[in-house]
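Numbering (this note's numbering), first residue to last: 1220 to 1321.
See below:
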């Protein structure tokens, strides 16, 4: 793992430590939350999608969802035992990330 000088993650952290940190801060990760199965808003990237920047696949759908205020699902940090395993994207010791229906 490569960490910046100002990182709160110890440089000697294991992948498990990194995922625990990521879960605590609700940070999506490629292959876990960021997948073909979930749109950008569902996996926690809504603030990073600019509605008028360039053209991309799904732009019209995402703009319509944002305009109507209907996102469908959302990335949340939950107690590991509080959600069905199918909704969990990153399982932690006590907390997990899950994409759940709003």
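Ideal Cβ positions, reconstructed from N, Cα and C, are used throughout, including at glycine.
Among the options, the one whose alpha carbon lies nearest that of residue i
i            : options                : result
residue 1280 : 1261, 1321, 1249       : 1261
residue 1309 : 1289, 1252, 1223, 1233 : 1252
residue 1257 : 1307, 1232, 1241, 1223 : 1307
residue 1243 : 1321, 1320, 1313       : 1313
residue 1235 : 1311, 1266, 1300       : 1311
residue 1301 : 1283, 1289, 1274, 1318 : 1318
residue 1265 : 1296, 1223, 1247       : 1247
residue 1291 : 1263, 1273, 1268, 1272 : 1263
Per DSSP, cross-strand counterpart(s) of residue i
i            : result
residue 1320 : 1292
residue 1224 : Residue 1224 is not bridged to any residue.
residue 1309 : 1316
residue 1302 : Beta-bridge pairing links residue 1302 to no other residue.
Delimiting residues of the alpha helix (DSSP H) encompassing residue i
i            : result
residue 1242 : 1234–1243
Outcome for residue i when other beta-carbon atoms lying within 10 angstroms are tallied against a minimum of 16
i            : result
residue 1276 : exposed
residue 1315 : buried
residue 1320 : exposed
residue 1304 : exposed
residue 1287 : exposed
residue 1270 : exposed
Next on the checklist: My parser needs the beta strand (DSSP E) runs of 3 or more residues fully inside the region 1268–1295; what are they?
Outcome noted: none
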